[in-house]
Amino acid sequence: MGNLDLTFVNWDIISAFVVKGFLFSVQLTVIATIGGVIFGTILALLRLSGKKVLMIPATFYVNGMRSIPLVMVILWFFLLVPLLIGRPVGAEYSAIITFIAFEAAYFSEIMRAGIQSIPRGQVFAGQAMGMTYGQNMRLVVLPQAFRNMLPVLLTQTIILFQDTSLVYAIGAYDLLKGFQTAGKIYGRPEEAYLLAALIYFAVCFSLSFLVKRLQAKIAIIR
Amino acid sequence: MTLDWQVFCKNTTEGTLEPSCWGSGGDVTYFEWMIHAWGWTLAVAAAAWVIAVLTGFLIGTLRTLPNSPVVVRLANAWVELFRNIPILVQLFIWYFVVPKVFPPFQQVPGFLLVIFALGFFTSARIAEQVRAGIQALPRGQRYAGLAMGFTTAQTYRYVMLPMAFRIILPPLTSESMNLLKNSSVAFAVSIAELTMFAMQSQEETSRGIEMYLAVTALYAFSAFTVNRVFAFIERKVRIPGFIVAGGTGGH
């Protein structure tokens with residue numbers, strides 16, 4: 007173990023290289039979670055609509071996204087988004103669009119399970135009150151589905167945070183890239199990778215600990 | 004925008020069309036290169052799968068051992084360690100850090116390090132499923148084994164693991180498909196697999212859409228095949244009278 011030297015790390019290096027990347031990783035995670043849950047809920051509603059015109063495209067989208075590697079999806083969007091918009095976009099911007107589109111497929115499966123876990127009587131009760139489909143979903147079904155699935159949604163968000171490191175494929179400046187750049191400049195790439203692993207571990211481990219606590223709490227209320 | 008599929012029959016060194024779509028002499032076509040890359044993807048994923056399943060079952064079993072709190076803690080630590088670090092970071096650690104810290108690893112070829120990284124990363128996920136599968140068994144199964152005079156090892160070997168294996172087949176299916184998809188990170192350390200092919204051929208030919216479409220189709224086809232193989236195994240090993248619970252996937 008004698009040939010690793012972590013003493014090169016100091017606050018100046020961290021603030022110069024790592025903080026920017028960390029903020030992007032967090033930003034990407036938050037935006038993709040919010041966007042993915044919204045888009046994913048719409049996809050789940052389409053799949054449960056009972057209308058073939060809506061179900062088939064939504065099912066195709068979800069299963070398609072889930073059967074290809076995220077790295078390929080990142081590459082696809084990096085290639086296609088500039089063609090669709092008609093002007094080049096940065097890797098960071100492309101990554102945000104990719105993650106919303108990709109994670110929506112996974113979030114939609116979670117939301118679909120959540121919606122299906124709501125007893126039918128709830129829907130009937132809403133209808134008996136004279137609610138429209140939209141009101142029924144917005145006021146009765148979705149809030150309960152969302153609450154029941156909160157631990158699973160948060161676990162998916164932790165996975166999403168880990169997945170953000172894959173923007174490496176298009177060279178976006180995230181947490182991993184920040185450490186990598188610092189490691190390269192100071193000639194200590196191995197130590198930088200270890201530190202990156204440590205930060206990812208600390209964030210994901212503590213978040214999943216919190217999710218476990220939350221899960222126990224919700225389980226008691228139900 | 005028109006697609007030009009002929010690009011796959013082009014020679015990678017001279018850019019000329021090969022009538023047979025397959026390289027002659029020392030040259031290769033893009034199609035041939037892609038098939039080789041597909042082979043790399045499948046080989047890396049298959050080898051990592053063997054490591055993941057062996058290690059995953061071992062660690063998962065250790066986590067359920069009665070009266071061995073130290074072993075359980077160590078096995079739990081294994082799972083937390085490999086589950087909470089992104090696969091790409093683990094890959095870099097195996098590829099760059101391990102050989103530096105442990106010099107004997109410098110003799111190990113790169114693709115083996117990639118296989119270790121993917122295998123151990125997936126082993127943590129499989130261990131989690133195995134633990135859940137064993138704990139889903141009725142407590143009576145363990146007691147029945149012990150009452151028959153089996154040792155703990157025999158109880159696991161003949162009573163609990165065969166049932167747990169059947170219970171976790173659905174999540175094991177999705178973990179195996181995830182492993183295949185995750186093998187795409189190997190591009191980052193220049194393994195000549197499908198994603199690497201997609202990136203390089205896109206740059207060389209500027210025919211990104213055709214290349215990506217073909218690679219995407221190969222990934223989807225491979226994942227679908229894995230899915231069918233597991234469905235077949237599930238039907239073959241089903242025990243009449245037992246309803247086996249479904250599982251959930253991640254990625």
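Residue numbers (our numbering), protein chains in the order written: chain A, 7 to 228; chain B, 4 to 254. Backbone N, C-alpha and C define an ideal beta-carbon position, used for all residues, glycine too.
1) Distance cutoff 9 Å, beta carbons only. Does Y222 of chain B sit that close to anything in chain A?
2) Any beta carbon of chain B sitting closer than 9 Å to that of M78 of chain A?
3) How would you label W25 of chain B, buried or exposed, when you count the other beta carbons within 10 angstroms and need 16 or more for buried?
4) Would you mind stating whether F99 of chain B and Y206 of chain A have Cβ atoms separated by less than 9 Å?
5) So, helix, strand or coil for N185 of chain B, using DSSP?
6) In the DSSP output, which residue or residues are listed as bridge partners for K13 of chain B?
7) What does a CB cutoff of less than 7 Å around A50 of chain A pick up in its chain, not counting 5 residues either side in sequence?
8) Can you list the residues of chain B that Y206 of chain A reaches, using a CB-CB cut of under 9 Å?
9) Grouping DSSP H, G and I as helix and E and B as strand, with all else coil, what is T5 of chain B?
10) Span of the alpha helix (DSSP H) holding I96 of chain B?
11) Consult DSSP for T32 of chain B and reduce its assignment to one of helix, strand or coil.
12) Quick check on the DSSP output: the alpha helix (DSSP H) that includes I176 of chain A runs from which residue to which?
13) Please determine, among B:I38, B:S23, B:D7, the residue with the shortest C-alpha to C-alpha distance to E196 of chain B.
14) Measuring CA to CA, which of B:R142, B:L20, B:L221 is closest to P69 of chain B?
15) I need the straight-line Cα distance from E83 of chain B to A40 of chain B, nearest angstrom please.
16) How many whole angstroms separate the CB atoms of A110 of chain A and A178 of chain A, which I take to be in contact at a CB cut-off of 8 Å?
17) Can you list the residues of chain A that I201 of chain B reaches, using a CB-CB cut of under 8 Å?
18) Closer than 9 Å by beta-carbon distance: list the chain B residues that pair up with S214 of chain A, in chain order.
19) At a Cβ threshold of 9 Å, is S186 of chain B touching chain A?
20) May I ask you to verify whether the segment 183-199 of chain B touches the segment 74-83 of chain A, counting CB pairs closer than 8 Å and requiring at least 3?
21) Show which residues of chain A have a CB atom less than 8 Å away from the CB atom of F99 of chain B.
22) E196 of chain B by DSSP, collapsed to three states: which one?
23) Would you call the segment 111-118 of chain B in contact with the segment 171-183 of chain B, where contact means no fewer than 3 C-beta pairs closer than 8 Å?
24) Please report how far the alpha carbon of L90 of chain A lies from the alpha carbon of F84 of chain A, in whole angstroms.
25) Can you tell me the Cα-Cα spacing of A49 of chain B and I137 of chain B, whole angstroms?
26) For L221 of chain B, report the span of its alpha helix (DSSP H) as first-last.
27) Would you call the segment 58-67 of chain B and the segment 141-152 of chain A touching, i.e. three or more CB-CB distances under 8 Å?
28) Among A:A188, A:I165, A:Y112, whose alpha-carbon lies nearest the alpha-carbon of V209 of chain A?
29) Leaving aside the five residues before and after I176 of chain A along the sequence, list all residues of the same chain whose C-beta is less than 8 Å from its C-beta, in chain order.
30) Would you mind giving the Cβ-Cβ distance between I183 of chain B and E237 of chain B, rounded to the nearest angstrom? I have them listed as a contact below 8 Å.
31) For the alpha helix (DSSP H) holding Q128 of chain A, just list the boundary residues, first then last.
32) For a test of the three-state rule: what should DSSP assign to M151 of chain B, helix, strand or coil?
33) Do the segment 19-37 of chain A and the segment 151-162 of chain A touch if we need at least three Cβ pairs shorter than 8 Å?
34) Return yes when the Cβ of S212 of chain A is within less than 9 Å of the Cβ of L91 of chain B, no when it is not.
35) Give every residue of the same chain whose Cβ lies closer than 7 Å to the Cβ of A64 of chain A, excluding the five residues on either side of it in the sequence, and list them in chain order.
On the basis of the data shown:
1) For Y222 of chain B, the answer is yes, since a Cβ of chain A falls inside 9 Å of its Cβ.
2) True, the Cβ-Cβ gap to chain B drops below 9 Å.
3) Residue burial annotation: W25 of chain B is exposed, with fewer than 16 other C-beta atoms found within 10 angstroms of its C-beta.
4) When the beta-carbon positions are compared, F99 of chain B and Y206 of chain A stay at least 9 Å from each other.
5) Of the three classes helix, strand and coil, the one that applies to N185 of chain B here is helix, per DSSP.
6) As DSSP reads the structure, K13 of chain B sits in a beta bridge with B:L20.
7) Here the set comprises S114, M117, R118, I121.
8) By Cβ distance, chain B contributes N87, I88, P89, V92.
9) The DSSP-derived three-state label of T5 of chain B is coil.
10) Here I96 of chain B belongs to no alpha helix (DSSP H), and DSSP marks it neither H nor E.
11) T32 of chain B: strand per DSSP, three-state reduction.
12) Unbroken run through I176 of chain A: none, as it is neither H nor E.
13) Nearest to E196 of chain B by alpha-carbon distance, out of B:I38, B:S23, B:D7, is B:I38.
14) For P69 of chain B, the closest alpha carbon among the candidates B:R142, B:L20, B:L221 is that of B:R142.
15) Using only the alpha carbons, I get a separation of about 32 Å.
16) No, A110 of chain A and A178 of chain A are not in contact; Cβ-Cβ is about 19 Å, not under 8 Å.
17) Here residue 201 of chain B turns out to be Ala, not Ile, going by the sequence shown. M78, L81, listed in chain order.
18) Residues of chain B with a Cβ closer than 9 Å to the Cβ of S214 of chain A are, in chain order, E83, R86, N87.
19) Yes, because at least one Cβ of chain A sits closer than 9 Å to the Cβ of S186 of chain B.
20) The segment 183-199 of chain B and the segment 74-83 of chain A touch, with no fewer than 3 CB-CB distances between them shorter than 8 Å.
21) Per Cβ cutoff of 8 Å: P195, E196, Y199.
22) E196 of chain B falls in the coil class under three-state DSSP.
23) Counting C-beta pairs with one atom in each stretch, the segment 111-118 of chain B and the segment 171-183 of chain B have fewer than three that are closer than 8 Å, which means they do not touch.
24) Taking the straight line joining both Cα atoms gives about 11 Å.
25) Using only the alpha carbons, I get a separation of about 25 Å.
26) Taken as a continuous stretch (DSSP letters only), the alpha helix (DSSP H) holding L221 of chain B covers 211-240.
27) Cβ pair count under 8 Å is below three, so no.
28) The alpha carbon of V209 of chain A has as its nearest neighbour, out of A:A188, A:I165, A:Y112, the alpha carbon of A:I165.
29) Taken in chain order, the residues that qualify are I80, L81, F84, A97, S100, A101.
30) According to the sequence displayed, residue 183 of chain B carries Leu and not Ile. Your pair L183 of chain B and E237 of chain B does not check out as a contact, with CB atoms roughly 18 Å apart and the cut at 8 Å.
31) Its alpha helix (DSSP H) spans residues 126-134.
32) Judged by DSSP in its simplified three-state form, M151 of chain B adopts coil rather than helix or strand.
33) Taking 8 Å as the limit for Cβ pairs, the verdict is that the segment 151-162 of chain A does not touch the segment 19-37 of chain A.
34) For L91 of chain B and S212 of chain A, no; Cβs fall outside 9 Å.
35) Contacts found: L49, L52, R53.
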